[in-house]
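K.L.:
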Amino acid sequence: MSHSAIDVLQSVFGYSQFRQNQQEIINDLLQGDDCFVLMPTGGGKSLCYQIPALMRNGTAIVVSPLIALMQDQVAELRANGVAAAYYNSSLQAEEANQVLSQLHNGQLKLLYVSPERLLSGSFIQRLQQLPISLFAIDEAHCISQWGHDFRPEYRQIGQLREYFSQVPFIALTATADRATRQDILHRLHFHSPKVHISSFDRPNIRYRVVEKNNPNKQLLAFLQEHRDESGIIYALSRKRVEEVAEKLKQQGINAKAYHAGLPGEIRQNVHQQFIRDEIDVVVATVAFGMGINKPNVRFVVHYDLPKNIEGYYQETGRAGRDGLESEVLLLFGMQDVATAKHFVENISDEEQRRIENFKLSSMVDFAEAQTCRRNVLLNYFAELSDKSCGNCDICLNPPKLFDGKVAAQKALSCVYRLNQGFGSRQVIDVLRGLDNEKIRSQGHDQLSTYGIGKEYSAQEWSSILRQLIHRGYLYQDIQNYSVLKLTERSGEVLKGKVELQLALAQKTATNIANRKSP
Ligand code: ADP
Ligand code: ZN
Numbered sequence: 147m148s149h150s151a152i153d154v155l156q157s158v159f160g161y162s163q164f165r166q167n168q169q170e171i172i173n174d175l176l177q178g179d180d181c182f183v184l185m186p187t188g189g190g191k192s193l194c195y196q197i198p199a200l201m202r203n204g205t206a207i208v209v210s211p212l213i214a215l216m217q218d219q220v221a222e223l224r225a226n227g228v229a230a231a232y233y234n235s236s237l238q239a240e241e242a243n244q245v246l247s248q249l250h251n252g253q254l255k256l257l258y259v260s261p262e263r264l265l266s267g268s269f270i271q272r273l274q275q276l277p278i279s280l281f282a283i284d285e286a287h288c289i290s291q292w293g294h295d296f297r298p299e300y301r302q303i304g305q306l307r308e309y310f311s312q313v314p315f316i317a318l319t320a321t322a323d324r325a326t327r328q329d330i331l332h333r334l335h336f337h338s339p340k341v342h343i344s345s346f347d348r349p350n351i352r353y354r355v356v357e358k359n360n361p362n363k364q365l366l367a368f369l370q371e372h373r374d375e376s377g378i379i380y381a382l383s384r385k386r387v388e389e390v391a392e393k394l395k396q397q398g399i400n401a402k403a404y405h406a407g408l409p410g411e412i413r414q415n416v417h418q419q420f421i422r423d424e425i426d427v428v429v430a431t432v433a434f435g436m437g438i439n440k441p442n443v444r445f446v447v448h449y450d451l452p453k454n455i456e457g458y459y460q461e462t463g464r465a466g467r468d469g470l471e472s473e474v475l476l477l478f479g480m481q482d483v484a485t486a487k488h489f490v491e492n493i494s495d496e497e498q499r500r501i502e503n504f505k506l507s508s509m510v511d512f513a514e515a516q517t518c519r520r521n522v523l524l525n526y527f528a529e530l531s532d533k534s535c536g537n538c539d540i541c542l543n544p545p546k547l548f549d550g551k552v553a554a555q556k557a558l559s560c561v562y563r564l565n566q567g568f569g570s571r572q573v574i575d576v577l578r579g580l581d582n583e584k585i586r587s588q589g590h591d592q593l594s595t596y597g598i599g600k601e602y603s604a605q606e607w608s609s610i611l612r613q614l615i616h617r618g619y620l621y622q623d624i625q626n627y628s629v630l631k632l633t634e635r636s637g638e639v640l641k642g643k644v645e646l647q648l649a650l651a652q653k654t655a656t657n658i659a660n661r662k663s664p
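Take the sequence shown: its letters are residues 147 to 664, numbered as in my numbering.
1) Taking ALA230 as the reference, which of GLN238, LEU212, VAL259 has the closest Cα?
2) Go through its chain and collect everything with a Cβ distance to ARG661's Cβ below 6 Å, but skip five positions before and after it.
3) In the DSSP assignment, what are the bridge partners of ALA230?
4) Would you call GLY599 buried or exposed, if buried means 16 or more other Cβ atoms sit within 10 Å of its Cβ?
5) Look up VAL355 in the DSSP assignment and give the residues it is bridged to.
6) Give a single yes or no on whether LEU200 has its beta carbon closer than 6 Å to a heavy atom of the ligand ADP.
7) Is any heavy atom of the ligand ADP found at a distance shorter than 6 Å from the C-beta of GLY463?
8) Can you have a look at VAL552 and say buried or exposed, based on whether 16 or more other CB atoms are within 10 angstroms of its CB?
9) Excluding the 5 residues flanking TYR353 on each side, which residues of the same chain have their C-beta closer than 7 Å to its C-beta?
10) Compare the beta carbon distance of ASN503 and ASP468 with 7 Å and say whether it is the shorter of the two.
11) Hey, LEU318 and VAL183: beta-carbon distance below 7 Å or not?
12) Which residues mark the beginning and the end of the beta strand (DSSP E) in which ARG386 is found?
13) Assuming HIS616 is part of the alpha helix (DSSP H), what are its boundary residues?
14) Going by DSSP, what residue range makes up the beta strand (DSSP E) through CYS181?
15) From the DSSP output, read off the bridge partner residues of PHE548.
16) Just the Cα atoms here: how many angstroms apart are MET509 and LYS453?
17) Quick check: what's the CA-CA separation for VAL158 versus LEU273?
18) Do you know how far the Cα of VAL387 is from the Cα of GLN397?
19) In this structure, how does DSSP classify PHE315 when only helix, strand and coil are distinguished?
20) Quick check on DSSP: helix, strand or coil for PHE420?
21) Mapping DSSP to helix, strand and coil, what is ILE425?
22) Distance, Cα to Cα, TYR161 vs ARG500?
23) With PRO314 and GLY190 assumed to form a contact (beta carbons below 8 Å), what rounded beta-carbon distance in angstroms separates them?
24) Between ASN360 and PHE336, what straight-line distance do the alpha-carbon atoms span, to the nearest angstrom?
25) Name the two residues that bound the continuous beta strand (DSSP E) containing TYR380.
26) Per DSSP, which residues does CYS538 bridge with? Please list them.
27) Is the CB-CB distance between TYR232 and VAL220 below 7 Å?
28) Is TYR161 close to the ligand ADP? I mean its beta-carbon at under 6 Å from any heavy atom of the ligand.
29) How would the residue list near the ligand ZN read, in chain order, if you kept each one whose beta-carbon is closer than 5 Å to any heavy atom?
30) Tell me the rounded alpha-carbon separation between LEU612 and ILE171.
31) Examine the Cβ distances between the segment 588-605 and the segment 549-568 and report whether three or more of them are shorter than 8 Å.
32) CB of SER192 to nearest heavy atom of the ligand ADP: below 6 Å?
33) Quick check: the Cα distance between PHE548 and PHE310, rounded to an integer number of angstroms?
34) Who are the near neighbours of ILE585 in its chain, counting only those whose CB is closer than 7 Å to its CB and skipping five residues on each side?
35) Hey, would you say the C-beta of ARG586 is under 6 Å away from at least one heavy atom of the ligand ADP?
36) Residues bridged to THR205 by DSSP?
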C-alpha cells in the first residue's frame, strides 16, 4: 500500500498542509538525493526527514547533539504511533541493548543517535549490515568550525558518506552563514546536494536600535508603548536579570526573572505562566528560549549586546510567531562592545578567536548600520537583498543619503583588481593611493584603481564598504582572513545597472545610535 507524503502528514502527524519547502525536501529525499536545509527555528525541519523515514524502506538514522531534544522528539513520534528510539549516553546498558536488538530486528523506523555513539566502536559496521533509509544530520552547523556551536566530535561525521554511498543524506540547520554552509557541504562529501534555503525574513518584526545611555529609563519608555503585551527582555548576566526584573516589578510591571541559576521548579513555573499569559514580561538570560513556542510575544528587548547575529536573530525571532506586528529593541552601548571584545580576546584557540571576533564585529556593524536593518540581517545569512523594508528604524527615519554609484563602482573594481584577495584596509589604502611598503611590495601602486578614491577619507570608505556588504554587493570571506570578495550581484553595480543611494558616514557610532527612533 503506498501513501503519499501528504497522506502521512495528515494521518500520522495530524497536520493539513505542508509549510514552505517541506514538500520539495521530502520529494528529494524520496528520490534518493542528498539535501541541505537551512530553515529558521520553528520552521518545521523535523518533518522533512521524519516523513521520508516513514515512506522509505529501513531505518532512518538521525544524528543529533542534543540529548534533551532527542528525547522530546522520540516521545512525540511515539505518541503519534511511530516506532522510534534513541541511542545515547543517557541509556543504561540494558536499555541500550534493547534498542540495538530492535534496530537489528527491523523494528525501528527512526533511530536518534548522538555523534559519540554513532562514531564509537563498531556502530557504523553494525549499520552497514542493515537497511538504512536515510541519514539526517540535525544541527549540522556543529560540523563546522565556522558555525555557531562547533563540536569537534561532529567533524568525523563526514566519513559516513564513504560507508553509505547509496543512502541519501540530509543536513539541517537553523543557523549557518555563507562560510558555514560551504564548509558543511564540503565536510559531508555530499553528492550534488539539493540546497533548500528558506527565507529568514520576518516581515512583521520591526527592528530598532538605540544608543544605551540610561537603560532603565529607556526600557520603561519602551514598555510604555507595549503595555499589557507579552515580551521578553534579554540581559547578559544573571545578576543583571535579577536587577532589571526587580526594577520592573517596582514599576508595577508584571515581570519575572528567568536564568539557569534558578531552581528548576521556579524556571518551569515562569515558563508556564508566561505561556499562559499570567505574566507579561520575562527578564532572562539566553537560557530562556529553547522550546518556547509562544505565538503572541509582541516584543523582545536586548538590554545588552548579543555576541553574534545568529544569537540576536534567534532571540528576536521569538517575537511575532503569530505573524502579527511585533517590535524588537536593542540597547546598544559602547561599553558593552568593549566588554564583549575583551571576552573574545581571551579565547585561547586562535582560529576560534578569529571567528568570534568576526561575528562580534558583524554584530556591531549591524547596530551601527546605516542601511535597512533587515537587509543587514538577511545579507548576513546570504539572502541577498537590497530592498528597503519600510519596517525598521533606519527605513522609517533614514540617514542623509548621497549618490553612491560611482563610489561603489570604484570600490568594487578595486576589490576585483586586488584579485579578491585583500581585506578592507588594503582596499581603502589602494583607493586612497597611499604610499607605503605594503602597497609598493605588492605592486599595488601599479593597479588602475590606485588612488582613484582620494575624495573620501579612510573612515568614509570604511563606511561605504560596510554598506556594500550590508546590501549584498560585497562579502567578507571569514574562512580566508576576511578578504573582500564580489558577490553574484556585484556585476549590477559595476555595469551601472543599479542606482545606489548610500548613507553619509557619521563621525562616531554614537552619532548614529543617537538618531531619534520613530
Ligand atoms: P524546527 O526543527 O525547524 O525548529 P520543528 O520541526 O520542531 O521545527 O517544527 C516546529 C513546530 O511546527 C512543531 O510543533 C511541528 O510539529 C510544527 N509543524 C511542522 N510542520 C508543520 C506543518 N506542515 N503544519 C503544521 N505544523 C507543523
Ligand atoms: Zn528596513
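All C-beta atoms, glycine included, are put in the ideal place defined by N, C-alpha and C.
P.N.:
Checking against the coordinates, here is how it stands:
1) Counting from 1 along the sequence shown, the entry for residue 230 is found at position 84. Among GLN238, LEU212, VAL259, the Cα nearest to that of ALA230 is on VAL259.
2) Here residue 661 corresponds to residue number 515 of the sequence shown, with the count starting at 1. Any reading at ARG661 is ruled out, since the residue's pLDDT is 35, under 50, leaving its predicted position unreliable.
3) Stepping through the sequence shown from its first residue, residue 230 is reached at position 84. Answer is LEU256.
4) For this step, residue 599 is matched to residue 453 along the sequence shown. With 16 or more other Cβ atoms within 10 Å, it is buried.
5) The residue you call residue 355 lines up with position 209 of the sequence shown. Looking at the DSSP assignment, VAL355 forms a beta bridge with LEU476.
6) For this step, residue 200 is matched to residue 54 along the sequence shown. Checking every heavy atom of the ligand ADP against the Cβ of LEU200, none is found closer than 6 Å.
7) Within the sequence shown, residue 463 is the residue found at index 317, counting from 1. No - the ligand ADP has no heavy atom lying nearer than 6 Å to the Cβ of GLY463.
8) Working through the sequence shown from its first residue, we reach residue 552 at position 406. By the neighbour-count rule (16 or more Cβ atoms within 10 Å), VAL552 is not buried but exposed.
9) Counted from its first residue, the sequence shown places residue 353 at position 207. Hits under 7 Å: VAL474, ARG519, ARG520, CYS538, ASP539.
10) By 1-based counting over the sequence shown, the position of residue 503 is 357. By 1-based counting over the sequence shown, the position of residue 468 is 322. Contact flag unset, no.
11) The sequence position of residue 318 within the sequence shown is 172, counting from 1. The sequence position of residue 183 within the sequence shown is 37, counting from 1. Yes, Cβ-Cβ distance for LEU318 and VAL183 is below 7 Å.
12) Numbered from its first residue, the sequence shown carries residue 386 at position 240. Element bounds for ARG386: not the beta strand (DSSP E) but the alpha helix (DSSP H), 384-396.
13) Walking along the sequence shown from the start, residue 616 turns up at place 470. Element bounds for HIS616: 604-616.
14) Numbered from 1 along the sequence shown, position 35 holds the residue referred to as residue 181. Residues 181-184.
15) Residue mapping note: residue 548 aligns to position 402 of the sequence shown, counting from 1. PHE548 pairs with LEU648.
16) Taking the first residue of the sequence shown as position 1, residue 509 is located at position 363. Taking the first residue of the sequence shown as position 1, residue 453 is located at position 307. Taking the straight line from one Cα to the other gives about 7 Å.
17) Numbered from its first residue, the sequence shown carries residue 158 at position 12. Numbered from its first residue, the sequence shown carries residue 273 at position 127. Cα-Cα distance, rounded: 26 Å.
18) What you label residue 397 is simply residue 251 of the sequence shown in a count that begins at 1. What you label residue 387 is simply residue 241 of the sequence shown in a count that begins at 1. Straight-line Cα distance between these residues: approximately 16 Å.
19) Translated into positions along the sequence shown, residue 315 becomes position 169. In the structure shown, PHE315 sits in a strand (DSSP, three-state: E or B).
20) In the sequence shown, residue 420 corresponds to position 274, counting from 1. In the structure shown, PHE420 sits in a helix (DSSP, three-state: H, G or I).
21) As a first step, residue 425 must be located in the sequence shown, where it is residue number 279. Here ILE425 sits in coil by DSSP.
22) On the sequence shown, residue 161 is found 15 positions in, with the first residue counted as 1. On the sequence shown, residue 500 is found 354 positions in, with the first residue counted as 1. Whole-angstrom Cα-Cα distance: 44 Å.
23) Numbered from 1 along the sequence shown, position 168 holds the residue referred to as residue 314. Numbered from 1 along the sequence shown, position 44 holds the residue referred to as residue 190. The distance from the Cβ of PRO314 to that of GLY190 is about 19 Å, inconsistent with a contact at the 8 Å cut-off.
24) The residue given as residue 360 occupies position 214 in the sequence shown. The residue given as residue 336 occupies position 190 in the sequence shown. Straight-line Cα distance between these residues: approximately 51 Å.
25) Your numbering for residue 380 matches position 234 in the sequence shown. Start and end: 376-380.
26) Locating residue 538 in the sequence shown gives position 392, counting from the first residue. Under the DSSP definition of a beta bridge, CYS538 partners with TYR353.
27) The count along the sequence shown starts at 1 and reaches residue 232 at position 86. The count along the sequence shown starts at 1 and reaches residue 220 at position 74. Yes.
28) The residue given as residue 161 occupies position 15 in the sequence shown. The answer is yes for TYR161.
29) CYS518, ARG520, CYS535, CYS538, CYS541
30) One-based indexing of the sequence shown puts residue 612 at position 466. One-based indexing of the sequence shown puts residue 171 at position 25. The residue you asked about is not Leu; residue 612 is Arg in the sequence shown. For ARG612 and ILE171, the distance between alpha carbons rounds to 35 Å.
31) yes
32) The residue labelled residue 192 in the question sits at position 46 within the sequence shown. At least one heavy atom of the ligand ADP is nearer than 6 Å to the Cβ of SER192, so yes.
33) If you number the sequence shown from 1, residue 548 lands on position 402. If you number the sequence shown from 1, residue 310 lands on position 164. Spanning the two alpha carbons is a distance of roughly 56 Å.
34) The residue given as residue 585 occupies position 439 in the sequence shown. Correct list, in chain order: ASP575, VAL576, ASP591.
35) Taking the sequence shown and counting its residues from 1, one reaches residue 586 at position 440. For the ligand ADP, not one heavy atom lies less than 6 Å from the Cβ of ARG586.
36) On the sequence shown, position 59 is the one that residue 205 refers to. According to DSSP, which records beta bridges pairwise, THR205 is partnered with ILE278.
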